[in-house]
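S.K.: Take this structure, written in structure tokens, and hold onto it; I'll ask about it next.
In this note's numbering, the protein residues as written are 43 to 103.
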């Protein structure tokens, strides 16, 4: 896994923070915004036909 920077507009960040708070409350432990973003990007890539392996790397077809 590599660290990267993304720029979010105010509304997206606000919604992500609300999601993190809700997940944290339900799970009883702190959730990470990075996990939500990573999961969403994986789902998006899968829908675009970019299949990932367990390490998050694109599989070669």
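Even for Gly, the Cβ is constructed at its ideal location relative to N, Cα and C. Computed from a prediction, not measured in an experiment: that's the story for all the values here.
Which two residues bound the contiguous alpha helix (DSSP H) that contains residue 65?
M.R.: Residue 65 sits at position 23 when you count from the first residue of the chain shown. Run containing residue 65: 52 to 69, per the alpha helix (DSSP H) assignment.
S.K.: Measure how close the beta-carbons of residue 75 and residue 58 come, nearest whole angstrom, since I'm counting them as under 8 Å.
M.R.: Taking the first residue of the chain shown as position 1, residue 75 is located at position 33. Taking the first residue of the chain shown as position 1, residue 58 is located at position 16. Right, the Cβ-Cβ distance comes to about 5 Å (below 8 Å), so this counts as a contact.
S.K.: Roughly how far, in whole angstroms, is the beta-carbon of residue 73 from the beta-carbon of residue 79, given that I think they are within contact range, below 8 Å?
M.R.: Position 31 of the chain shown, counted from the start, is the residue given in the question as residue 73. Position 37 of the chain shown, counted from the start, is the residue given in the question as residue 79. Wrong, their Cβ atoms sit about 12 Å apart, outside the cutoff.
S.K.: Return the first residue and the last residue of the alpha helix (DSSP H) that residue 45 is part of.
M.R.: Here the question's residue 45 lines up with position 3 in the chain shown. Run containing residue 45: none; DSSP gives neither H nor E here.
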